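Trainee: Following this message is one structure expressed as structure tokens.
Residue numbers (this note's numbering): 37 to 344.
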């Protein structure tokens with residue numbers, strides 16, 4: 037009989053949940069848990085901070101390209117947990133997805149011995165919401181934000197799954213992957229970060245999957261959805277100082293690309309008669325700016341979810 041293990045930081049207890057068909061009481065308000073969630077990719081670790089007052093709304097936070105295998109960087113590189121500690125929204129922090137772009141791949145990467153095909157869209161919109169529903173988390177009142185790799189994914193997930201997501205946010209996201217030669221930038225980044233092959237993700241350039249997963253190309257799907265897009269201008273700001281010159285130079289180059297992408301996304305929205313909040317700030321491609329962007333987005337998220 038299928039069981040699920042819930043590891044709670046409250047008192048360090050480890051409890052075995054009831055069979056999946058049985059009713060389950062939700063975790064205590066304000067608790068932090070690490071769940072092992074079944075998926076077509078195998079068990080996926082998901083870190084969760086439960087809503088402060090037992091509410092059903094949820095905010096999904098997606099990592100960047102270097103997504104670690106043991107934790108969400110939102111929990112270690114930002115104050116996201118503290119930001120929402122008193123809010124009536126559950127934070128859902130999927131762990132893993134290294135170089136995945138949180139999408140459904142065609143096949144495992146052929147260049148690094150990957151055995152399992154990434155199916156992150158399926159996980160985030162079907163398997164994980166169904167699992168969390170057992171704890172009282174809504175499948176129809178969620179928000180999703182992502183940094184870097186997760187930015188375009190957040191908008192794509194929200195666009196194709198409007199019944200689930202009521203808000204989407206992209207922080208330094210690459211929002212126009214079909215733009216000429218940007219696929220080569222993605223190829224180089226994915227090769228550098230785990231030797232993943234972009235062709236196994238969406239096929240060669242020109243394959244319909246590229247356009248299908250391009251937030252600028254699919255902007256119409258987002259009509260009427262509250263959206264927040266934030267990007268740095270590529271110039272070092274006050275939050276870059278602790279990261280050193282070498283990191284800052286690299287982050288400047290990456291952010292100059294996301295700045296252009298944000299502008300193209302904004303222009304596409306204007307062509308369609310749509311609006312979104314698009315902010316460009318002094319700064320580069322680093323976590324302190326994404327923490328800042330999340331703080332800016334927080335009241336918009338709470339409004340969209342009715343989770344005050």
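Heads up, the beta-carbon is just placed ideally off N, CA and C, and yes, glycines get one too. Only a predicted model underlies this, so the values are computations on that prediction, with no experimental measurement involved.
Do the CB positions of residue 9 and residue 255 come within less than 8 angstroms of each other?
Mentor: Since the first residue of the chain shown is 37 and the last is 344, residue 9 is not available in this structure.
Trainee: I'd like the ranges of any alpha helix (DSSP H) spanning at least 4 consecutive residues and lying wholly in the stretch 172–231.
Mentor: Qualifying alpha helix (DSSP H) stretches, in chain order: 185–196 and 218–228.
Trainee: By DSSP, does residue 66 sit in helix, in strand, or in coil?
Mentor: Reduced to three states, the DSSP call for residue 66 is coil.
Trainee: Between the Cα of residue 259 and those of 300, 294 and 195, spot the shortest distance and give me the residue it belongs to.
Mentor: Of the candidates 300, 294 and 195, the one whose C-alpha sits nearest the C-alpha of residue 259 is 195.
Trainee: Classify residue 139: buried if its beta carbon has 16 or more other beta carbons within 10 angstroms, exposed otherwise.
Mentor: Flag for residue 139 reads buried.
Trainee: Just mark residue 253 as buried or exposed, buried being the case when its beta carbon has 16 or more other beta carbons within 10 Å.
Mentor: Classification of residue 253: buried, given that the 10 Å Cβ count is 16 or more.
Trainee: What is the DSSP secondary structure of residue 118, reduced to helix, strand or coil?
Mentor: Three-state DSSP puts residue 118 in a helix.
Trainee: Using 8 angstroms as the limit for Cβ to Cβ distance, is residue 155 near chain B?
Mentor: The structure shown contains no chain B; it holds only a single protein chain.
Trainee: Is the stretch 142–156 in contact with the stretch 213–233, if contact means three or more CB pairs nearer than 8 angstroms?
Mentor: Because the criterion of three Cβ pairs below 8 angstroms is met, the stretch 142–156 and the stretch 213–233 touch.
Trainee: I need the boundaries of the alpha helix (DSSP H) containing residue 248, first residue and last residue.
Mentor: First-last of the alpha helix (DSSP H) with residue 248: 244–248.
Trainee: Suppose contacts are defined by Cβ-Cβ distances below 8 angstroms. Is residue 261 in contact with residue 198 by that definition?
Mentor: Result yes, Cβ atoms of residue 261 and residue 198 sit closer than 8 angstroms.
Trainee: Going by DSSP, what residue range makes up the beta strand (DSSP E) through residue 129?
Mentor: 126–130 is the extent of the beta strand (DSSP E) around residue 129.
Trainee: Just to check my reading of the structure: residue 269 and residue 314 have Cβ atoms closer than 8 angstroms, yes? What is that Cβ distance to the nearest angstrom?
Mentor: That pair is no contact at about 12 angstroms.
Trainee: From the DSSP output, read off the bridge partner residues of residue 78.
Mentor: Paired residue(s): none; residue 78 is not in a bridge.
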